[in-house]
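Data block below; observations after.
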Amino acid sequence: ETGVTQSPTHLIKTRGQQVTLRCSSQSGHNTVSWYQQALGQGPQFIFQYYREEENGRGNFPPRFSGLQFPNYSSELNVNALELDDSALYLCASSPTGTRVNYGYTFGSGTRLTVV
Amino acid sequence: DQQVKQNSPSLSVQEGRISILNCDYTNSMFDYFLWYKKYPAEGPTFLISISSIKDKNEDGRFTVFLNKSAKHLSLHIVPSQPGDSAVYFCAGSGNTGKLIFGQGTTLQVKP
Chain Z
23 ETGVTQSPTH LIKTRGQQVT LRCSSQSGHN TVSWYQQALG QGPQFIFQYY REEENGRGNF
83 PPRFSGLQFP NYSSELNVNA LELDDSALYL CASSPTGTRV NYGYTFGSGT RLTVV
Chain A
2 DQQVKQNSPS LSVQEGRISI LNCDYTNSMF DYFLWYKKYP AEGPTFLISI SSIKDKNEDG
62 RFTVFLNKSA KHLSLHIVPS QPGDSAVYFC AGSGNTGKLI FGQGTTLQVK P
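Right, dumping it as structure tokens:
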């Protein structure tokens, strides 16, 4: 059973650029969520996808967008990058639609630095 | 609005002793609370959860206590081991499934 894999592991972008982060869910998981973890903070919910549809969104602007593919892999896209977007971006998957009393499986994250 | 708070940024305990990590919340709609452990350069790993209708859940060395009237939960690790040294996050979950995390507490277990 493979876990959640994210790519790339590290990325440096310039302010104003666009970035795409990728995530492969754990086998059998059809729900994926993305979180942003700033330095010294806990992860913050960006959005969640279930069967290729967005079914929940946190307090993030529209320049944060996502996709989930039929194989349940996922992308996070961020347009017009700002310095404050520098953070660790975590992908998490679950086999259920929304209920997670036993916890999501997280990937190791993509460290994005915006300069 | 910080719905989940971990007011202690760090905690240091001696190997073999008890570690107690605390978490406070404000959102009464949470129906599950979860604890995650995070090592550097790794993603958070699920540790233990508790339903809001319970007041205690135990799994080996890890026990989570929930005090709904005080809106407080705690994670007890007994006995603490050096491998437990990590950042611990508590999180609340409602019917949307999204997790609201606290800021984390860094636990150091000294040999």
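Going down the list, the sequences are from chains Z and A. Going from the first sequence to the numbering used here is simple: count from 1 and add 22. Going from the second sequence to the numbering used here is simple: count from 1 and add 1. Think of the CB as a built atom: it goes at the ideal place given N, C-alpha and C, for glycine as much as any other residue.
With 16 or more neighbouring CB atoms inside 10 Å of its own CB, K99/A falls in the buried class. Contact of A42/A with chain Z is assigned, a C-beta pair being separated by under 9 Å. Inside the region 49-93 of chain Z, DSSP marks whole beta strand (DSSP E) runs of 3 or more residues at positions 53-59, 66-72, 75-79, 86-90, from first to last along the chain. For V5/A, the closest Cβ of chain Z is nearer than 9 Å. The C-beta distance from Q104/A to Q63/Z rounds to 6 Å, short enough to meet the 8 Å contact threshold. For K55/A, no chain Z residue has a Cβ inside 8 Å of its Cβ, as the nearest lies near 11 Å away.
Contact of P83/Z with chain A is not assigned, every C-beta pair being separated by 9 Å or more.
Ranked by Cα distance from F67/Z, the first of V137/Z, Y126/Z, I34/Z, V136/Z is Y126/Z. Taking a Cβ-Cβ threshold of 8 Å, the residues of chain A close to L112/Z are G44, P45, in chain order. The three-state secondary structure of D56/A, taken from DSSP, is coil. An exposed status is given to I19/A, since fewer than 16 other beta-carbon atoms sit within 10 Å of its beta-carbon.
Three or more beta-carbon pairs separated by less than 8 Å link the region 93-108 of chain Z to the region 39-57 of chain Z, which places the two stretches in contact. Within the same chain, S96, E97 come within 7 Å of L89/Z by CB-CB distance, once the 5 residues on both sides are set aside.
Under the Cβ distance rule, K111/A does not count among the residues neighbouring chain Z, no pair being separated by less than 9 Å. Interface residue (Cβ-Cβ distance to chain Z less than 9 Å): A92/A is classified as such. Counting only residues of its own chain and dropping the five nearest sequence neighbours on each side, F66/A has a CB closer than 6 Å to the CB of K57, S75. In the structure shown, the three-state DSSP call for D85/A is helix.
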